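Enquirer: Before I ask anything, here is the structure I am working with.
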Amino acid sequence: MTTTNQSSALGRVVATERKPNTPHEFHFWTALDSPVGIGTIVRVEGAHPVNGQIPQIYGVVVEGFSYTDLQTPLHDVMGHDGAPGSASLAATERAEIRLYSAAVLRQIPEEPMQPVPMGQVFLAQDADVAVALRMDGYIKEGSSTGIPIGVYRAGGTDAAIYLDADFLIGPEAAHLNITGVSGLATKTSAIEWILGSIFTHFPEQKGSVAAVCFNVKGPDLCFLDLPADIGAADKVIYDKCGVPAGPFENVQYFAPYKSDGFSLNTLRSNEALLHNVSPLTWGLREVLQYAEVLLNKDDVDAKADALIDFIRERVVDRDFSDPMLGNKRYVVRSFADLEGWFRDVLSAMENKGNEGWRTHHVATIRKVRNRLSNISTRCAGLVTDDGAVSDLPFGSFQDRTVYVIDVASLEEAAQDLIFARVVTRLREHLEKRDLGVNHVIVFVDELNKYAPNDGPETYVRKMLLDLAERGRYLGLVLFSAQQFRSQVHRRVVGNSGTALYGRMDADELATPGYAVLSPAVKTKLASLEKGQLMVRHPHFTQPIFVRFPRPAIMRGRDGAERYPQAVDINLDAAVTRSLRTLDSSITLGWVQDAVGIRDEDEIIKARNATLRERPADVRKFFLAQLRPTVATQVVARPAAAVRSAPADDPYGF
Amino acid sequence: MLAMSVTRAALESPGISSIRTLQRQLSALMPSAGLAGALSDGPSLEVSSSPLDLPRLISAVVIEGNALRARKVEPAIAPGFSAFLDGTQESRVLSYAHGMPLIHGKVAAVIRIRSDRRLATWRHTVAQRLYAPRRLLSAQWNATLDALAIDIVDVTSAPDAQGGAAVSEHPFAIRDAAIHSVQADRERVEHRLAEKWCDAEHEPLFVDGGISGSDRVARTANAVGVVKTHRTLYAEGDSLQVVFGLREGERTSVFRITSPKRTSVASWYLRLRDPSGRDPMWGLVRVEIADSGDTEAEIRRRADEVSGWVLAEVSPLALPDGRWDKMVYGIRDCEEFLRAIR
């Protein structure tokens, strides 16, 4: 291979009438052994000055051609008597060309914009790459808003590629979407790497930033705080990009309980990792605000909607009474309370023979009762009957912290509910500027499931659209991933200022969304190595290929093997584990003594209250939550006089 | 890359001007001249004119054996030639003076050297001249021609034209004389380039055409001329039938070609390709090497060796060139190069 002297030309621009150069595309040839390939960035030096300045044109290779002076393949067959092996014996090889087409990245001077002139072609060096991608505008010393996303490598050039934080996190543009086939861990790895890079390089003057990640499958995001070994090649990229090669320092995990109500429903349930895992549980009040998420349009017609509104506004958390219900007063705080309230309302109507109550027909009341009661069953573990709430720390989010919500094992409805409520709450707090941080990155995988291009309109999709279209003004940024970009709603991916592409499926590449890519770029995309991405960013006029390192974070699969999921345990053991996260001196024996023979609901309620309050004296607080028991008294059995049988009546009558 | 490392000769002509530039200069100098009928585009005169040489048979002295015979030759296992030389010429009418053509001639030659099975330029030469019948032109026209930025060749006095005979005022005669002169100039630049090779290198050079025109080249062991055109055949009678009867991979006995104006060379015919179903000249070339006065055995050995080198060049084919049956790929590559810098 030719030793690339970076100051010597590696090609020459050529143009013919049939293949002319334009302001957006040019052609050049190189030696057969030049290091140019698809995605290589090159610089053209024009020969004649324009307005007193020699034009410099930067381009990225998007297509390559190779041909010889053969007029038809048949000539070659004839030349070698139909024996392919004899071709290698020929004294001379045919004249051959390597011809490349490059898409223009930038022209200097930018005006007048002219067709690319004839000139010499050079391999872009570090400084050229920065100019070509317009990075020179935002990676200035002292006022840089650059977020490294990887390195561009070609023929000895090894340049860090930066995204503009103003266009990644907002407010100029925002959001990032990554697409690629499953199974290569590219998408998850890329997101982990980029989040790490953002946490390192997000400019201080732009404020604080945190991430909320929804773990939707397997153990992908369950071990973000644990380190992993990386190779020397990856370390080089970390160093080049100035990102520390380590796991996230601050990670908080949230997971609902399983249906038993006391075992965490997450793959990160190993006792050694529970110190930063918190339960995620909501009560009636939290869920009722998002009834629309769980109830479809067939469930909630206008009448049912009106009744739900009535319950939300007039019943839940209110002191409620009604003449029909007699003197009884209701304070509905949980699903259990609501069920009692429904029961009383319906029986009162039956007793009085009424078909309606407060404009609500008995059938509507029965229907709403049925649907709402069903929620606690469908979302068991997340939605509590007793109204206990354990939530994300809205209002006290920490800078550079990742909040992972593990919804991987949940039913779809519960996933939707969590997603809808968390994002809505984030938006509400960001609007009020009281979340605790200025920017939140929300990472959602499997976007084609939550915001599909077709199918019925869902609350989650509407919310994602809203997030994609208006989130950047609030500092709410969507990082999304999916296998098939074409199956995601156009407005969601279209609003992603930055798009990343890992290895792509050929069928996906055949969809119209990829028509702007050349066949060669598509071929490269279909065979991208792990650790390679194609990047589109508002500053880059053409897609660029970059390499990123394997995250120095324990992979989900490795974590699941090293920290196996806790086996299902009984309530006493579950309570012990939960309380040990607050007080490591608590033992199973103490818990068993404390709970005695109390029923499960009471024990869980006490455990939840303790976890929620996080008291200084865990033991005392936990015991205080349990109803007092009556002390055991030994009652002496009164000695009954033994009657003796009358002498005359031996049978005692 | 080898191609980038070789030295390129400076263009030989003092004033390389395109034919259009000359036409503009001429129009400026003599507005009344007009360019009607001039051919700056379209096929050159060489293409549009019929061949100038008459077909002829010449007997030659056989120096390998007593009579011309066919001999089987084995292709060389390893290629013998290190470089290929070819030249081109292109003549076009610049203008007409008193009805007589003024002809712009451009000649070029190149040596393409082979390294690692790939060809690259060793040196190349480009020259151009204006060929005019000066004795037949007015003083005004001659003064105008002198003012043009190009060398002028008087075809009415050029020794190459018409074999030194006087050129008539017939425009076709003038045209033919000019083409002869251009051809002679082409041979000259080819010979000069070949001589440079012979001075600088010791590896075998494949020359397209004869080598007897240059004494230096014709006496050098490392220059091999390969002639594709057979307007002159060096065989008569039975010998001619031997030539026509050559089969693929066969050569004739070596014979000597002598000429009063040229250096004697040793030569033989060689059949490169199977002529079955084709004309007798199909795949037939004539090879020329230095006539070094060696023994017959040495002449035979040398002829077999060189024939083997030539046969080793039959692949790849020189298609789509119409002369691909006789042309080797290295020469086609030279022509492509010269076409590219035209």
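Chains as they are written, first to last, in our numbering: chain A, 1 to 653; chain B, 1001 to 1342.
For glycine and all other residues, C-beta sits at the position ideal for the given N, C-alpha and C.
Predicted model, so just to flag it, every value in this text is computed and none were measured.
Helix, strand or coil for A:GLN53 per DSSP?
Expert: strand
Enquirer: Just to confirm my understanding: we take B:HIS1191, look at its own chain, exclude 5 residues before and 5 after, and list those with CB closer than 7 Å. What are they?
Expert: GLY1213, SER1214 and VAL1217
Enquirer: Which of the three DSSP states is assigned to B:TRP1122 in this structure?
Expert: strand
Enquirer: Whose C-alpha, out of A:LEU346, A:GLU561, A:VAL492 and A:PRO549, is nearest the C-alpha of A:SER197?
Expert: Nearest option by C-alpha distance: A:PRO549.
Enquirer: Mapping DSSP to helix, strand and coil, what is B:TRP1324?
Expert: coil
Enquirer: Would you tell me roughly how many angstroms separate the C-alpha atoms of A:PRO148 and A:HIS360, rounded to the nearest one?
Expert: The alpha-carbon atoms of A:PRO148 and A:HIS360 are separated by roughly 59 Å.
Enquirer: When burial is assigned at 16 or more other CB atoms within 10 Å of the CB, is A:GLN482 buried or exposed?
Expert: buried
Enquirer: Where does A:LEU10 sit, in a helix, a strand or coil, going by DSSP?
Expert: coil
Enquirer: Mapping the DSSP letters down to three states, classify B:ALA1076 as helix, strand or coil.
Expert: coil
Enquirer: Can you tell me whether A:GLU670 is buried or exposed? The criterion is at least 16 other CB atoms within 10 Å of its CB, across all chains shown.
Expert: With chain A represented from 1 up to 653, any question about residue 670 of chain A goes unanswered, as that position is not in the structure.
Enquirer: I'd like the span of the beta strand (DSSP E) that includes B:ILE1103, first residue to last.
Expert: 1100 to 1115
Enquirer: Give the straight-line distance between the Cα atoms of B:GLU1012 and B:ALA1109, rounded to the nearest whole angstrom.
Expert: Residue placement at B:GLU1012 is poorly supported in this model, since its pLDDT is 41, which falls under 50; the coordinates still yield a value, given next. Approximately 11 Å between the Cα atoms of the pair.
Enquirer: Quick check: the Cα distance between A:SER278 and A:VAL516, rounded to an integer number of angstroms?
Expert: Taking the straight line joining both Cα atoms gives about 46 Å.
Enquirer: Please name the residue in A:GLY82, A:ALA102, A:SER396 and A:ARG94 whose C-alpha comes closest to that of A:PRO20.
Expert: Put simply, of A:GLY82, A:ALA102, A:SER396 and A:ARG94 the residue whose alpha carbon is nearest the alpha carbon of A:PRO20 is A:ALA102.
Enquirer: What residues from the stretch 92 to 123 of chain A come within 7 Å of chain E, judged by C-beta to C-beta, listed N to C?
Expert: Considering every chain present, this structure includes no chain E. Its protein chains are A and B.
Enquirer: Once you ignore the five residues that flank A:TYR473 on each side, which residues in its own chain have a CB closer than 8 Å to its CB?
Expert: GLY170 and PRO171
Enquirer: Just curious, the alpha helix (DSSP H) that A:THR188 is in, first and last residue?
Expert: 186 to 201
Enquirer: Across the stretch 349 to 369 of chain A and the stretch 229 to 236 of chain A, are there enough close Cβ pairs to call them in contact, namely three or more that are closer than 8 Å?
Expert: no
Enquirer: Nearest-angstrom Cα distance between A:THR2 and B:ARG1323?
Expert: Confidence at A:THR2 is low in this model, with a pLDDT of 40, below 50, so its placement is unreliable and no value can be given for it.
Enquirer: Can you give the Cα-Cα distance for A:ILE418 and A:PRO456, rounded to whole angstroms?
Expert: 20 Å
Enquirer: Which of the three DSSP states, helix, strand or coil, is assigned to B:TRP1309?
Expert: helix
Enquirer: Please name the residue or residues paired with A:ALA210 in a DSSP beta bridge.
Expert: The partner list for A:ALA210 (beta bridge, DSSP) reads A:VAL440.
Enquirer: Per DSSP, what are the beta-bridge partners of A:TRP357 in this structure?
Expert: Paired residue(s): A:HIS360.
Enquirer: So which residues on chain B does A:ALA83 lean against when the C-beta distance must stay under 9 Å?
Expert: Simply none; closest approach about 10 Å.
Enquirer: Taking only three categories from DSSP, how would you classify A:ALA255?
Expert: In the three-state reduction of the DSSP assignment, A:ALA255 falls in the strand class.
Enquirer: Count the other C-beta atoms from every protein chain shown that fall within 10 angstroms of the C-beta of A:ASN351, then say buried if there are 16 or more, exposed otherwise.
Expert: exposed
Enquirer: Please determine if the stretch 370 to 382 of chain A and the stretch 249 to 260 of chain A are in contact, where contact requires at least 3 C-beta pairs separated by less than 8 Å.
Expert: yes
Enquirer: Please report the straight-line C-alpha distance between A:PHE248 and A:PHE394, rounded to a whole angstrom.
Expert: 20 Å
Enquirer: DSSP three-state label for B:LEU1057, please.
Expert: strand
Enquirer: How many angstroms separate the CA atom of B:ILE1152 from the CA atom of B:ALA1132?
Expert: 7 Å
Enquirer: Within a Cβ cutoff of 6 Å, which residues of the same chain sit near A:VAL595, ignoring the five residues on either side of it in sequence?
Expert: For A:VAL595, where only same-chain residues beyond five positions count, the Cβ hits under 6 Å are ILE603.
Enquirer: In terms of residue numbering, what span does the alpha helix (DSSP H) encompassing A:GLY340 cover?
Expert: 335 to 352
Enquirer: Pull up the distance between the alpha-carbon of B:ASP1238 and that of B:HIS1180, whole angstroms please.
Expert: 33 Å
Enquirer: Could you compute how far the alpha carbon of A:TYR253 sits from the alpha carbon of A:SER263?
Expert: About 15 Å.
Enquirer: In chain B, which residues lie less than 8 Å from A:HIS80 when you measure between Cβ atoms?
Expert: In chain order: SER1315 and PRO1316.
Enquirer: So, helix, strand or coil for A:MET534, using DSSP?
Expert: strand
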